[in-house]
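Numbering (numbering that gives the first Met the number 0), first residue to last: 0 to 268.
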Amino acid sequence: MRTTNAIYYNHLRNIMNDGLDSASPRGLAIKEKLAHQYRFDMTTPAITIPERKIGYKFMAAEAAWILSGNNRVDQIEKYSKYIWEFSDNGIFYFGSYGPKIIDQLSYILDSLKKDRDSRQAVINIWRENPYPTKDMPCSTTCQFLIRDNKLNIIWNMRSSDGVLGVVYDQFNIAMLAGYVLLLLNEVSDDFKDVTLGEGIINMGSAHIYETNFGKVAEILNSESAPKFTYEPFDPLNQFKSYKDLIDHLWAIAEGKNSGLSDFFIDAIR
């Protein structure tokens, strides 16, 4: 299987080489591919391309924040210089994924316990009839499918920014999959043989803004050695519970080693 970095390089090339330039949502010119699919191995969810200059502490914090079911500005703003700008009132985020995901996880667990091969384990993330907001959700639904003893996620998005969004989205998706796998093993002994599979992101609009064309060129022209390496994400062997996973992510966000696992601590070294 191609490396996570190679998959991302290819994604950027696809949009830049084959994307259409006929649309300018909100007056902002883009290159865009419609109905595009992006697939990655959830055991290696983090892109480590130096030129992308990813905020790994924020990456861990956002995942922990989502898995905690949070939507408060004060719980995430210190990890990002800009994220507060997307709140309508400075207190909450309208489009936060955490509350919608956590509210529906009992249904997901019940569905998979009743039928391991279920196709009904779906979470709705989109806000019905959304009012005008700075924080319109980019994602619509998330489906969990266990096939060949692997837990896969199919994540559907109305809009996906190839530069700003994908690198964080795929990490969040993998952490959610690990979280669900840990939960399944707490409520049943029937999932001990299940490991993480693919993250599959269906993008209604996979795009890159014209203002980021230069950054994309810098990334694609470099193909540098990875910024760091990390051991594969293997939640059942790395964490005792879903709480440990969240605590570990918060520790990374704070630049600390939680002592719970070695997963991803290279990001803060």
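Virtual Cβ for every residue (Gly too), placed ideally from N, Cα, C.
- Residue state for SER138 is assigned as strand, using DSSP reduced to three classes.
- By the neighbour-count definition (other C-beta atoms within 10 Å, threshold 16), THR47 is a buried residue.
- Using a Cβ distance threshold of 8 Å, CYS137 and GLY164 count as a contacting pair.
- In the three-state scheme derived from DSSP, where H, G and I count as helix and E and B as strand, ASP114 is classed as coil.
- Contact between the segment 60 to 70 and the segment 86 to 105 is present: 3 or more CB-CB pairs across the two stretches fall below 8 Å.
- The segment 139 to 154 and the segment 191 to 204 touch, with no fewer than 3 CB-CB distances between them shorter than 8 Å.
- For the segment 154 to 235, the full-length alpha helix (DSSP H) segments reaching 4 residues or more read 165 to 186, 212 to 221 along the chain.
- Using a Cβ distance threshold of 8 Å, LEU244 and TYR8 do not count as a contacting pair.
- The alpha carbon of ASN16 has as its nearest neighbour, out of SER257, ASP246, HIS247, HIS206, the alpha carbon of HIS206.
- The three-state secondary structure of TYR106, taken from DSSP, is helix.
- When DSSP states are grouped into helix, strand and coil, LEU150 belongs to the strand group.
- A Cβ-Cβ distance of about 5 Å is found for the pair VAL215 and LEU11, placing them in contact under the 8 Å criterion.
- For secondary structure counted as the beta strand (DSSP E) over 3 or more consecutive residues, the segment 46 to 130 holds these complete runs in sequence order: 121 to 123.
- With respect to the C-alpha of PHE190, the residue from GLY18, LEU150, GLY26 having the closest C-alpha is LEU150.
- Bridge pairing for LYS30: ILE207 [DSSP].
- Inter-residue distance for VAL193 and PHE238 is about 15 Å (C-alpha atoms, whole angstroms).
- One thing to note: LEU248 has its Cβ no nearer than 8 Å to the Cβ of ALA5.
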